[in-house]
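A.B. asks:
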Amino acid sequence: MNIIAGATRRRVTVVMFTVTLVLFGVIGLSRLKLNLLPDLSYPTLTVRTEFTGAAPSEIETLLTEPVEEAVGVVKNVQRVSSVSRTGQSDVLLEFAWGTDMDQAGLDVREKLELLQLPLQATRPQLLRFDPSTEPIVRLALLADENSGEVALKSLRTHADEELSKRIEPLEGVAAVKIGGGLEDEVQVQLDQQRLGQLGLTVGTVIDRLAQENVNLSGGRVDEGSQRFLVRTLNQFVNLDEMREMVVAVIAGRSVRLKDIATVEAGFKEREAIIRIDGREAVEVAVYKEGDANTVAVAGRIRGSLERLRKELPAGASLELIDDQSRFIESSIAEVVQSALLGGLLAVLTIYLFLGNGWATIVISLSLPVSIIATFFFMQQFGITLNVMSLGGIALATGMVVDNAIVVLENTARLRRQGMDVLHAAVTGASEVGMAITASTLTHIAVFLPLVFVEGIAGQLFRDQALTVTFALLVSLLV
Numbered sequence: 036m037n038i039i040a041g042a043t044r045r046r047v048t049v050v051m052f053t054v055t056l057v058l059f060g061v062i063g064l065s066r067l068k069l070n071l072l073p074d075l076s077y078p079t080l081t082v083r084t085e086f087t088g089a090a091p092s093e094i095e096t097l098l099t100e101p102v103e104e105a106v107g108v109v110k111n112v113q114r115v116s117s118v119s120r121t122g123q124s125d126v127l128l129e130f131a132w133g134t135d136m137d138q139a140g141l142d143v144r145e146k147l148e149l150l151q152l153p154l155q156a157t158r159p160q161l162l163r164f165d166p167s168t169e170p171i172v173r174l175a176l177l178a179d180e181n182s183g184e185v186a187l188k189s190l191r192t193h194a195d196e197e198l199s200k201r202i203e204p205l206e207g208v209a210a211v212k213i214g215g216g217l218e219d220e221v222q223v224q225l226d227q228q229r230l231g232q233l234g235l236t237v238g239t240v241i242d243r244l245a246q247e248n249v250n251l252s253g254g255r256v257d258e259g260s261q262r263f264l265v266r267t268l269n270q271f272v273n274l275d276e277m278r279e280m281v282v283a284v285i286a287g288r289s290v291r292l293k294d295i296a297t298v299e300a301g302f303k304e305r306e307a308i309i310r311i312d313g314r315e316a317v318e319v320a321v322y323k324e325g326d327a328n329t330v331a332v333a334g335r336i337r338g339s340l341e342r343l344r345k346e347l348p349a350g351a352s353l354e355l356i357d358d359q360s361r362f363i364e365s366s367i368a369e370v371v372q373s374a375l376l377g378g379l380l381a382v383l384t385i386y387l388f389l390g391n392g393w394a395t396i397v398i399s400l401s402l403p404v405s406i407i408a409t410f411f412f413m414q415q416f417g418i419t420l421n422v423m424s425l426g427g428i429a430l431a432t433g434m435v436v437d438n439a440i441v442v443l444e445n446t447a448r449l450r451r452q453g454m455d456v457l458h459a460a461v462t463g464a465s466e467v468g469m470a471i472t473a474s475t476l477t478h479i480a481v482f483l484p485l486v487f488v489e490g491i492a493g494q495l496f497r498d499q500a501l502t503v504t505f506a507l508l509v510s511l512l513v
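In our numbering, the protein residues as written are 36 to 513.
(1) For P101, count neighbouring Cβ atoms within 10 angstroms of its own Cβ and tell me buried if that reaches 16, exposed if not.
(2) Give every residue of the same chain whose Cβ lies closer than 8 Å to the Cβ of V467, excluding the five residues on either side of it in the sequence, and list them in chain order.
(3) Assign N273 to buried or exposed, taking buried as 16 or more other Cβ atoms, counted over all protein chains shown, within 10 Å of its Cβ.
(4) Looking at S360: is its Cβ nearer than 7 Å to the Cβ of V330?
(5) Is the distance from the Cβ of T395 to the Cβ of I407 below 7 Å?
(6) How far does the beta strand (DSSP E) with T267 in it reach, from first residue to last?
(7) Are the CB atoms of N421 and L72 nearer to each other than 7 Å?
(8) Less than 7 Å separating the beta-carbons of Q224 and A286?
(9) Going by DSSP, name the residue or residues bridged to F302.
(10) Roughly how many whole angstroms lie between the Cα atoms of A349 and R342?
(11) With a cut-off of 8 Å, do at least 3 Cβ pairs link the region 74 to 85 to the region 426 to 433?
(12) Tell me the residue span of the alpha helix (DSSP H) that contains S474.
(13) Where do the ends of the beta strand (DSSP E) carrying I336 lie?
(14) Output the distance between the C-alpha atoms of N111 and M136, rounded to the nearest integer angstrom.
(15) Tell me the rounded alpha-carbon separation between G207 and N70.
(16) Taking the continuous alpha helix (DSSP H) assigned at I440, which residues delimit it?
(17) Nearest CA to the CA of G301: which residue from R158, T55, E218, D242?
(18) Hey, is R255's beta-carbon within less than 7 Å of any beta-carbon in chain C?
(19) Using DSSP bridges, identify the partner residues of R83.
(20) So, with DSSP's three-state summary, where would you put Y77?
(21) Exposed or buried, which one is N269 when buried takes at least 16 other CB atoms within 10 Å?
(22) Among V321, F271, D242, which residue has its Cα nearest to the Cα of K212?
(23) Hey, V82 and V143 are a contact pair by Cβ (cut 8 Å); roughly how many whole angstroms apart?
(24) Less than 8 Å between C-beta atoms, sequence neighbours within five positions excluded: which residues of the same chain meet that for V115?
(25) Can you give the Cα-Cα distance for L205 and S199, rounded to whole angstroms?
(26) Near D242, what residues of its chain come up, given a Cβ to Cβ distance below 6 Å and the 5 sequence neighbours on each side ignored?
(27) Just to confirm, is the Cβ distance from F271 to N248 under 7 Å?
(28) Just reading off the alpha helix (DSSP H) that E354 is part of, what are its end residues?
(29) Roughly how many angstroms separate the alpha carbons of V356 and R266, rounded to a whole number?
(30) Since K323 is in the beta strand (DSSP E), which residue starts that stretch and which ends it?
(31) Where does the unbroken alpha helix (DSSP H) through L292 begin, and where does it stop?
(32) As a quick exercise: from L56, L161, G122, pick the residue whose alpha carbon is nearest that of Q138.
(33) In chain order, what are the residue ranges of uninterrupted alpha helix (DSSP H) at least 4 long that sit wholly in the region 487 to 512?
(34) For V503, is the classification buried or exposed, using 16 other Cβ atoms within 10 angstroms of its Cβ as the cut-off for buried?
(35) Measure the beta-carbon distance from I171 to K323 and round it to whole angstroms, keeping in mind my assumption that it falls under 8 Å.
(36) Given that a residue counts as buried once 16 or more other Cβ atoms are within 10 Å of its Cβ, and exposed if not, what is S119?
Written out as C-alpha cells, the structure is:
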C-alpha cells in the first residue's frame, strides 16, 4: 500500500525508474551474444589411443583394458564402454549430469599419466564432444576444372600456409582446419628381398630414419643479460640426402638407403575427397571460440573474403559453401517476427475488450518496457539470444500485460463509482495487489523448476524458463 501510494505521488521518480529499466535493458541487449541454441555440453569424454598395425584383439588386450581399469575409478563416472578396432582403441566415459567436465578431464589425464602402454602406441588423446564445436563457416578452395594433381597440391599448400594464417587472427576464431587436396609425402618403398639378404628389418630402417631426421629442443644458453634458445636441427634437406643415409655397416661396407629402397616424392593417402558441384576442392573449416558471438565472427570472416581472394594462386577461386550464422539470423528473425505479431494481436485484443484507446495505450506501454528490461537480466545471467530464449519472450508476451489489465480495470471501476483519479489509482492497485502477485508467482512456479531439470532437456529449456521468469517479475513492477 505504501509503495503504491508513494508511486502515485512521485510520478517523476516512477518515470525515471522506468527509463532506467529501459536503458539497462538496451545496454544488456547490445551485449547479448547471438546463437542458434543455448550452450549444450554432454558429460562424456573419449580416450583414444592408436597402435598402428595391431589387430583388434591386441588392441583390446594391450590398450583398451588397461585404459578402462585406469579411468573407471574417476569420480562421477557412471558408465564405461569401449570399441577396439584395427590400430585404434576408443574408451567412452559417461559422467553424471552436472559434473564439472574441466575437472573431470584433469582427473582422467592424471590417471592416464600413470599408464604403462606399449612403446609403439601413441599417447592417449582426450576427446570431448560438444555440439557448439561444429565449424561456423566452411570455405571451398577450387581450381580450374581441367587442373590435375599439381593444382590440388598447390591449393592445399596455399590453404595450410596462407589462408589459415589470415583467418586465425580474426577476433573470435579458435581454429582453422583444412581438409581435402593433396599433401606432400616422402615414400620409402623397401626391397624386402634385399632386406632379407642383408639381415635387416623394417624396424631398423624406421629407427635410422628417426635418428637421422632430428629437430629437437636443445635447451637454453644464458650469456650475460641475454638468453638463447638452442635447437638440434638435423633434418633431411632433399631426397638425395635421404637416399645417401647409412642404414647399417655390414662386413665393413656401408649399406645406404638407396641400396635397399626406392625413395621418391609422393602424396599422403587421402582420407577424404571433397567435391563442390562435381569439382574437387580443398575445404577450410573455421571454428569459433567457446564464448564468441557466432554471427559476429562469421561476419568478420565474410568481410575478409575479398582480401583473401586477391591473394589466391592463378586460376583458383574461394567460395563460401556454408555459413551457420545465416541460418541463425533467419531463425532468430522468425521468432522475433512471431513475438512482434503476438504483441500486436495482444494490443488489439485489449482494445476490443476495453474499448478505450487511452487505457489500451497505458497497458501496451507495459509490454515493451517489460520485454526490454528482461534483456538486462538475460545478460547478467549469461543467457544468449537464441531460439529458446526468444521463444520464452514470445511466450511471455501475452502474460506480461495481465497485471496491467487487472489493475487498470479495477481502477476504472472505482472511477465509475465517483472516486477521484489519485484515490482510485491507489485503491485500485492495492485491492488487487496481492491477487496479481499470487498469480504472477504461480506462473513463475510453473516455469522456474525447469532450470533444475538435469540432462539435455534442462540445458535446452533453462534459457526459456529464466527468460519467462524475468519478464513476469519485471511486469509485476511495471
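No residue lacks a Cβ here, since even glycine has one placed at the ideal position from N, Cα and C. Small disclaimer: the values here were computed from a predicted structure and weren't measured.
C.D. replies: Put simply:
(1) buried
(2) V441, V442, N445
(3) exposed
(4) yes
(5) no
(6) 261 to 269
(7) yes
(8) no
(9) D219
(10) 15 Å
(11) no
(12) 456 to 482
(13) Where I336 is concerned, there is no enclosing beta strand (DSSP E), although the alpha helix (DSSP H) it sits in stretches over 329 to 345.
(14) 10 Å
(15) 14 Å
(16) 437 to 451
(17) E218
(18) Absence of chain C from the displayed structure is noted, only one protein chain being present.
(19) D125, Q160
(20) coil
(21) exposed
(22) V321
(23) 7 Å
(24) E103, V106, G107, V126, L127, L128, E129
(25) 10 Å
(26) none
(27) yes
(28) Per DSSP, E354 belongs to no alpha helix (DSSP H); it is in the beta strand (DSSP E), 352 to 358.
(29) It is Ile, not Val, that sits at residue 356 in the sequence shown. The straight-line gap from Cα to Cα measures roughly 42 Å.
(30) 314 to 323
(31) 292 to 295
(32) L161
(33) 491 to 512
(34) buried
(35) 5 Å
(36) buried
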